[in-house]
Amino acid sequence: MPLTIYVSPRAAGAVEPQTPAVATVELARLFGRSAALAGVSLRVQAGRTVALLGANGAGKTTLLRILATAIRPSFGTARVDGIDVAERPDQVRGRVAYLSHATGLYDDLTGAENLRFAATLLAVPAPEREERIAETLATIGLTGMAAERVRNFSAGMRKRLALGRVLLASPTLVLLDEPHAALDEAGMQLVDALLAAWREAGITTLVASHALDRLQPFIDGSVRLESGVVAEIAGSGVEPNPEPRGAIGLPVGTGASV
Amino acid sequence: MTALAAEARIAWAIARKDAVSELRGRSAASMTLFFAALVLLLFGFALGPDTRKLAEAAPGLLWLAIVFAGLLAVGRLHLLETDDGALEQLALYPIDRRAIYVGKALAGFVTMLVLGAVMLPVVGIMYGVELARAWPALSVTVVLGALGFSAVGTFYAGLTVRVRAREVMLPLLLLPVTAPLLLAAVKASAAALSGDPFGELGSWLQLLAGFDLVMLLVAGASYGFLLEE
Amino acid sequence: MRTRILGFGALATVALAAMFGLFVVPADLNQGDAQRIMYVHVASAWIAYLSFIVTALAGIGWLVRRDLRFDAVALAGAEIGVIFTALAIWGGMMWARPVWGTFWQWEDPRLTTTALLLALYIGYLLLRRLSDDPRRRATRAAVVGLVAAVDIPIVHFSVIWWRGLHQAPTFGSPDRLLHPAAPMQFVAALLLMLLAVTLAWLYLMIRRYQLARLETLLEEAARLGRLRSARASVARTAPVDITAAVDAAAPQPSRSTSSAEEPAR
Numbered sequence: 044m045p046l047t048i049y050v051s052p053r054a055a056g057a058v059e060p061q062t063p064a065v066a067t068v069e070l071a072r073l074f075g076r077s078a079a080l081a082g083v084s085l086r087v088q089a090g091r092t093v094a095l096l097g098a099n100g101a102g103k104t105t106l107l108r109i110l111a112t113a114i115r116p117s118f119g120t121a122r123v124d125g126i127d128v129a130e131r132p133d134q135v136r137g138r139v140a141y142l143s144h145a146t147g148l149y150d151d152l153t154g155a156e157n158l159r160f161a162a163t164l165l166a167v168p169a170p171e172r173e174e175r176i177a178e179t180l181a182t183i184g185l186t187g188m189a190a191e192r193v194r195n196f197s198a199g200m201r202k203r204l205a206l207g208r209v210l211l212a213s214p215t216l217v218l219l220d221e222p223h224a225a226l227d228e229a230g231m232q233l234v235d236a237l238l239a240a241w242r243e244a245g246i247t248t249l250v251a252s253h254a255l256d257r258l259q260p261f262i263d264g265s266v267r268l269e270s271g272v273v274a275e276i277a278g279s280g281v282e283p284n285p286e287p288r289g290a291i292g293l294p295v296g297t298g299a300s301v
Numbered sequence: 021m022t023a024l025a026a027e028a029r030i031a032w033a034i035a036r037k038d039a040v041s042e043l044r045g046r047s048a049a050s051m052t053l054f055f056a057a058l059v060l061l062l063f064g065f066a067l068g069p070d071t072r073k074l075a076e077a078a079p080g081l082l083w084l085a086i087v088f089a090g091l092l093a094v095g096r097l098h099l100l101e102t103d104d105g106a107l108e109q110l111a112l113y114p115i116d117r118r119a120i121y122v123g124k125a126l127a128g129f130v131t132m133l134v135l136g137a138v139m140l141p142v143v144g145i146m147y148g149v150e151l152a153r154a155w156p157a158l159s160v161t162v163v164l165g166a167l168g169f170s171a172v173g174t175f176y177a178g179l180t181v182r183v184r185a186r187e188v189m190l191p192l193l194l195l196p197v198t199a200p201l202l203l204a205a206v207k208a209s210a211a212a213l214s215g216d217p218f219g220e221l222g223s224w225l226q227l228l229a230g231f232d233l234v235m236l237l238v239a240g241a242s243y244g245f246l247l248e249e
Numbered sequence: 657m658r659t660r661i662l663g664f665g666a667l668a669t670v671a672l673a674a675m676f677g678l679f680v681v682p683a684d685l686n687q688g689d690a691q692r693i694m695y696v697h698v699a700s701a702w703i704a705y706l707s708f709i710v711t712a713l714a715g716i717g718w719l720v721r722r723d724l725r726f727d728a729v730a731l732a733g734a735e736i737g738v739i740f741t742a743l744a745i746w747g748g749m750m751w752a753r754p755v756w757g758t759f760w761q762w763e764d765p766r767l768t769t770t771a772l773l774l775a776l777y778i779g780y781l782l783l784r785r786l787s788d789d790p791r792r793r794a795t796r797a798a799v800v801g802l803v804a805a806v807d808i809p810i811v812h813f814s815v816i817w818w819r820g821l822h823q824a825p826t827f828g829s830p831d832r833l834l835h836p837a838a839p840m841q842f843v844a845a846l847l848l849m850l851l852a853v854t855l856a857w858l859y860l861m862i863r864r865y866q867l868a869r870l871e872t873l874l875e876e877a878a879r880l881g882r883l884r885s886a887r888a889s890v891a892r893t894a895p896v897d898i899t900a901a902v903d904a905a906a907p908q909p910s911r912s913t914s915s916a917e918e919p920a921r
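Residue numbers (this note's numbering), protein chains in the order written: chain D, 44 to 301; chain P, 21 to 249; chain S, 657 to 921.
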């Protein structure tokens, strides 16, 4: 399986090596009456692969979505490569590639067209675009389906295509929300290979998953969330964030002036 | 590549993507046209069989039909983005959000142009209006009206696509704002059809152009805020 | 205290302006007593415009500074503006009935414009009710308030042209009133009324703003309280304590990643 990981020239060397890839302080997010995240203070070292564990509703997806700038924190702060996600989301977006539960694909476009659209918006230079798309299709094993409309894809094929879009980006931080879901054995092996390649390339990766056994060989450390707070930290690469904080749940940063 | 060129390239990619999707889901696009024609037919019933009366009201009825069908059309262009979280994905690309607006508004503009181009002859036939000598002025009116409607329609469709009760909220918010556009387009069309006896066509077209310009600028600058969650 | 003084001052000025307009100024030669409605009608329209401009500016303030106090001002402006817009329409209809013989005078640009304003800002207020996140609500309201505000002059222009591009301003419009030929007393009554309603507007704005602030602070306190109790319930049952952050309690509802506003609960 051909697998080239592209590192963005913009991202490489732009940040001090000591700066954690992810740093959160008392990060919280409320949806209506319930707290999806209830104050998480974490630091993830650059270049490490860390698993996010926990039951459904523990806050894994919410944490990933905040880091991806899809939603804003209700309280607390989060920084990617030292950049605040709420203050400079535009700068964070260029550094992050996010695989969410929803694939974000267009049903009426073909597989190749979906990737071409993504490549254009991700500013893959025009001369190498077609080559990159063909390469990506080969990597995700969908070369044969490239001209087929996504409407006719199975859930696993859609997931692969969404992974392909992540591959087209040149991120410093990869966020994966249950990458194994809906995939067959070959698909899971693809995820294994990608995790290994990102780790090799020094790209920080956060993986939310229930398949710890499957992940184990590819991760440095893990965080277990329960009910929106950190329950357990294991391994290396991730640690509690000792930055000063308010009393539990007090707003820091974003909530500043109500 | 300059930032502006990059933005234009992205806007073009989004508009093209929308156009391809709309053409492949062909039924939806043609249903909008059919809906507009149906509205014209119903106006015919509502205003009675007197052809002279219909011909007199034709400019207003034409634009009402375009506005009603346009509501569906601009709403649909944002509904395309609700395919499995596509809008969220679109908002996460490292691109200027104004480019998303421009792309969506461009797709809306083309859709509205097609709508206008089809509705004009339909009005001509159904309401017995003589279009032949008025067509240059009518074309300019349709182009300016389509641009303005798409400029505001795209903004409000982007606003309501994530809101509860969006089917009600889109017309409720959009229609009052488009009132001056409707007024100017109807007056310009009427002036064009009657050979512009009072020399007011130019003023109405200027008003339309002014509306287009102001709304493109303000809605374009504001659209990015709508994608915040 | 100062606000209360302002309130009494506004009340006194309104009473004075009403007395002046009703009893001191003579009836109009053409329109009779009906013309007196004009003082209230014009004043209400002025307040409506003023409120909506404030709403738009406060919206820009929120977008730039991200301070919810701006949103409280925007809300106050929109609500008070809607009330005075409705008042202006009512006054316009009351005026139109004896003068033109119909409640709704399509020839009157002020009346038709204000009707559209009412529609625009009722939409604005409805939209505000559809978000329960204060910041998202503020952002959406701000951009809608901005687009509505730039639409107002275009609406006004188009409606004035609509009456007929080359027609002189109608009867009873401020142009006629402020014409040098108009008796000074009419002008004085109108100016006094404008001053009175502006003072009353200022008082209402301050009070509505204060109320909105209290609502926001309560809402924010409730949100913080929910967060704290979520953490506290976790702490009670926690076997592990690693970062002062801790272990689980009641199962959380699962969260959907759909782009719809309200996650499925």
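Glycine residues also receive a C-beta, built at the ideal position from the N, C-alpha and C atoms.
Since we're looking at a predicted model, the values are computed, not measured.
Item checked: Under 7 Å from the C-beta of residue 115(P): neighbouring residues of chain D -> 164
Checklist line | Beta-carbon proximity list for residue 275(D), same chain, < 7 Å, skipping 5 on both sides | finding: 267
Note to self: Here's the rule I'm using: 16 or more other beta-carbon atoms within 10 Å means buried, otherwise exposed. How should residue 762(S) be labelled?
What the structure shows: exposed
Next item on the list: Quick one: list the residues of chain S neighbouring residue 139(P), beta-carbon separation under 7 Å, in chain order.
Entry: Near residue 139(P) there are no residues of chain S at all, since even the closest Cβ is about 22 Å away, more than 7 Å.
Checklist line | Cβ of residue 264(D) within 8 Å of any chain S Cβ | finding: no
Notebook entry, point to check: Using the C-alpha atoms, what's the distance from residue 245(P) back to residue 132(D)?
Noted result: 12 Å
Next item on the list: Could you have a look at residue 181(P) and say whether DSSP puts it in helix, strand or coil?
Entry: coil
Check: What are the boundary residues of the beta strand (DSSP E) that includes residue 276(D)?
Finding: 272-278
Note to self: Please classify residue 814(S) as buried or exposed, where buried requires at least 16 neighbouring CB atoms within 10 angstroms.
What the structure shows: buried
Next item on the list: Mark residue 171(D) as exposed unless 16 or more other C-beta atoms lie within 10 angstroms of its C-beta, in which case mark it buried.
Entry: exposed
Next item on the list: Anything in chain D within Cβ reach of residue 883(S), meaning under 8 Å, just list it in chain order.
Entry: 71, 73, 78, 81, 82, 117, 118, 292
Note to self: By the 7 Å beta-carbon criterion, what residues does the stretch 263-285 of chain D contribute toward chain S?
What the structure shows: 269, 270, 271, 272, 273, 274, 275, 276, 283
Notebook entry, point to check: Name the chain D residues whose beta carbon is nearer than 8 Å to that of residue 45(P)?
Noted result: 151
Margin query: So with CB distances below 7 Å, who are the chain P contacts of residue 197(D)?
Written below: Neighbours of residue 197(D) on chain P: none; closest Cβ ~13 Å, over 7 Å.
Next item on the list: Look up residue 673(S) in the DSSP assignment and say whether it is helix, strand or coil.
Entry: helix
Notebook entry, point to check: What are the boundary residues of the beta strand (DSSP E) that residue 86(D) is part of?
Noted result: 77-87
Notebook entry, point to check: For residue 733(S), which of helix, strand or coil comes out of DSSP?
Noted result: helix
Notebook entry, point to check: Cβ atoms of residue 272(D) and residue 890(S): under 8 Å apart, would you say?
Noted result: yes
Check: Of the choices 712(S), 699(S), 682(S), whose alpha-carbon is the least far from that of residue 798(S)?
Finding: 712(S)
Margin query: Determine, for residue 7(P), whether the minimum Cβ-Cβ distance to residues of chain D falls below 8 Å.
Written below: This structure cannot speak to residue 7(P), because chain P is shown only from 21 to 249.
Checklist line | Test item: CB-CB of residue 704(S) and residue 737(S) under 8 Å | finding: yes
Notebook entry, point to check: Which residues bound the beta strand (DSSP E) around residue 88(P)?
Noted result: Counting along the chain, residue 88(P) falls outside any beta strand (DSSP E), though it belongs to the alpha helix (DSSP H) covering 71-99.
Note to self: If you reduce the DSSP assignment to three classes, tell me which class residue 724(S) lands in.
What the structure shows: helix
Next item on the list: Write down every uninterrupted run of the alpha helix (DSSP H) in the stretch 117-182 of chain P whose length is 4 residues or greater and which is fully enclosed by it, in chain order.
Entry: 117-146, 155-180
Margin query: Taking 8 Å as the threshold (beta carbon to beta carbon), is residue 890(S) in contact with chain D?
Written below: yes
Next item on the list: Within its chain, find whatever has a CB closer than 7 Å to the CB of residue 117(P); leave out the 5 residues flanking it on each side and keep chain order.
Entry: 243, 244, 247
Next item on the list: Taking residue 795(S) as the query, report the chain P residues whose CB atoms sit under 9 Å from its CB, ordered along the chain.
Entry: 245, 246, 248
Next item on the list: Go through its chain and collect everything with a Cβ distance to residue 733(S)'s Cβ below 6 Å, but skip five positions before and after it.
Entry: 707, 710, 711
Next item on the list: For the beta strand (DSSP E) containing residue 65(D), list its first residue and its last residue.
Entry: 65-74
Checklist line | Limits of the beta strand (DSSP E) - the one that residue 122(D) falls within | finding: 118-123
Margin query: Tell me the DSSP secondary structure of residue 183(D) in three-state form.
Written below: coil
Note to self: Could you tell me the alpha carbon to alpha carbon distance between residue 835(S) and residue 847(S), rounded to whole angstroms?
What the structure shows: The predicted model places residue 835(S) with a pLDDT of 49, which falls under 50 and marks its position as unreliable; any figure quoted below should be read in that light. Approximately 14 Å between the Cα atoms of the pair.
Next item on the list: Excluding the 5 residues preceding and the 5 following residue 251(P) in the sequence, name in chain order all residues of the same chain whose CB lies nearer than 6 Å to its CB.
Entry: Nothing can be reported for residue 251(P), as the shown portion of chain P is limited to 21 through 249.
Checklist line | Classification of residue 233(P) by the beta-carbon crowding that lies within 10 angstroms, buried from 16 upward | finding: exposed
Next item on the list: Specify whether the stretch 141-160 of chain P and the stretch 177-193 of chain P touch according to this definition: at least 3 beta carbon pairs, one from each stretch, less than 8 Å apart.
Entry: no
Check: Excluding five sequence neighbours on each side, which residues of the same chain lie with their C-beta closer than 8 Å to the C-beta of residue 185(D)?
Finding: 154, 200, 203, 204, 207
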